[in-house]
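For reference, each letter of the sequence shown is one residue, going -24 to -1, 1 to 367 in mature numbering (1 follows the signal peptide of the UniProt record, and there is no 0).
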Amino acid sequence: MKLMTAGWTFLLLFSIAGWTAAEAQSEVFSTEEICRKNFQTAMEYKKNLKYQDAEEFFTLVVETCPDHIDAYLNLGHVLTQLKKYPDAIDIYQRALEVEPRNLSIKEALAYTYGASGDLEKSIRLYQDILDLDPERHGIYKNLAYLYERQGSWPEALMMAKMVLSVDPSDIVGLQQAARTALDKKLYLEAMNLYEMLYAKQPEDISIQRILGYFYFQVQLSEKAIPIYRAVLEAEPESPSSLFEHKILALCLKKAGLAMEAAEEYEYITEHEPEKLENFYNLALMYNDSKAYDKALNVVERGLRQDPSYQCLYYASGKVYESKAKDAKAAERYDEAVGFFRDAITQFEKCVNGSFCARQCSSEIERMEQFVTITNKEKQKKELEAPSSSAG
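Laid out in structure tokens, this is it:
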């Protein structure tokens, strides 16, 4: 009997002790504490890139503590890293049910839409976030990338500019945007971006070359001239220097600086004497600057190399035409007619050739008209002379 009583006493004490330990454990390991410990474990796994283990523990946290926003955000990130995009999207949407105005959740969801390939949803959500908080500048880069993936290049470049307006020091982003615009033949955008690059890196020769050529193509000669001069001063013997001298000469000509243009072409003919088109261009530039003797001398230099190069006869004809017009303007009519006839003689030498033939044919007719007009003006002047003296 004593033995049985002792047994019951032991069982009762054991039961009381067990209840006390369970109660104590419940008090020590509260729901919040369990979530905290699981969250710490999950973060450690995430830090070590053990995403599957991290997923397991973050999932425990959101199931145990459904208001734990950081757990949702981290679980969504882990699922995205594991390319479980539908699950990640679901987690972020559940998080928004807890905190509908949380922009960090919305931004994470927008990123995941983009990663999953749903570019439209991603772009719309990013735009909504910017409407609510324009200061979230990191979104501009994401939008630029999404627009690029979508093939919406103007929008992508606009976002790239927004990035630069926020962070002017982002030279790499600016360079990438400029190259993208150039590759996609969005030349106006490219020129604007290269102007921004040039403002930040005015000594960069590659930027100077690209921007200078843009200015040349859009006929902004006044802007192109100082850039090409700087390039040629920095690298006078580069493989592209002759091409750059030609561009500079054409820009100078368009800017009305014909003599300076001719000086550039003197350099070109010196370095490419075998290319007769250089003599042709040089003669016309001297003609534009009214250096007629120099122009005719250049024609002679070219014809000594190849008398059959008809374009030089055309250039010679244009010089005589200019001389004729100057003489006519000075009322030296006989001299003007003589020069017009000299022009016709030169144009006739190339009318049947393979070069400049079409121009020469039309020029002959025009010169003959000028001869007629000049003779009429001379006659009119002569008729007016007696009446003037009589008066």
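Where a beta carbon is used, it is the ideal one built from N, C-alpha and C, also for glycine.
Remember, predicted model here, so these are calculated numbers, not experimental data.
Considering only residues of the same chain and omitting the five flanking positions on each side of residue 245, which have a CB-CB separation below 7 Å?
254, 255, 258
Nearest-angstrom Cα separation, counted from residue 12 out to residue 23
16 Å
Under a Cβ-count criterion, where at least 16 other Cβ atoms within 10 Å of its own Cβ denotes burial, should residue 139 be classed as buried or exposed?
buried
Between 304, 156, 204, which lies nearest to residue 178 when the distance is taken from Cα to Cα?
204
Using a 10 Å radius around the Cβ and a threshold of 16 neighbouring Cβ atoms, would you call residue 99 buried or exposed?
buried
Looking only at its chain, what residues have a beta carbon closer than 7 Å to the beta carbon of residue 176, apart from the 5 residues adjacent to it on each side?
147
Unbroken alpha helix (DSSP H) run spanning residue 70, endpoints
61 to 74
What do you reckon, are the CB atoms on residue 89 and residue 54 nearer than 7 Å?
no
In whole angstroms, give me the CA-to-CA distance for residue 356 and residue 320.
24 Å
Any contact of the region 300 to 320 with the region 342 to 356, i.e. 3+ C-beta pairs under 8 Å?
yes
Closest to residue 193 by C-alpha separation, out of 213, 116, 163, 170, would be which residue?
163
Could you give the C-beta distance for residue 309 and residue 350, rounded to a whole number, given that I count them as a contact under 8 Å?
6 Å
Can you tell me the Cα-Cα spacing of residue 239 and residue 289, whole angstroms?
21 Å
Within its chain, find whatever has a CB closer than 7 Å to the CB of residue 91; leave out the 5 residues flanking it on each side and keep chain order.
56, 61
Buried or exposed: residue 188, going by 16 or more other Cβ atoms within 10 Å of its Cβ?
buried
Measure how close the beta-carbons of residue 268 and residue 299 come, nearest whole angstrom, since I'm counting them as under 8 Å.
6 Å
Specify the secondary structure class of residue 38 as computed by DSSP and reduced to three states.
helix
Backbone CA spacing between residue 334 and residue 326 [nearest angstrom]:
9 Å
What residue range is occupied by the uninterrupted alpha helix (DSSP H) comprising residue 218?
217 to 230
Under the three-state reduction of DSSP, which class applies to residue 25: helix, strand or coil?
coil
What do you get for residue 228, buried or exposed, if any count of 16 or more other CB atoms within 10 angstroms of its CB means buried?
buried
Rounded to the nearest angstrom, how far is the Cβ of residue 181 from that of residue 207, given a contact under 8 Å?
6 Å
Nearest-angstrom Cβ-Cβ length linking residue 79 and residue 105, presumed shorter than 8 Å:
6 Å
My output table needs one value for residue 214: the three-state DSSP class, helix, strand or coil.
coil
Please identify the residue among 153, 159, 161 whose C-alpha is closest to the C-alpha of residue 172.
153
Residue 130 lies in the alpha helix (DSSP H); which residues open and close that run?
129 to 142
If you draw a straight line from the C-alpha of residue 37 to the C-alpha of residue 129, how long is it?
42 Å
Residue burial classification, residue 93 (beta-carbon count within 10 angstroms, cutoff 16):
exposed
Is DSSP giving residue 252 helix, strand or coil here?
helix
Rounding to the nearest angstrom, what Cα-Cα distance links residue 49 and residue 40 in this structure?
15 Å
If you run the structure through DSSP and keep just helix, strand and coil, what is residue 327?
coil
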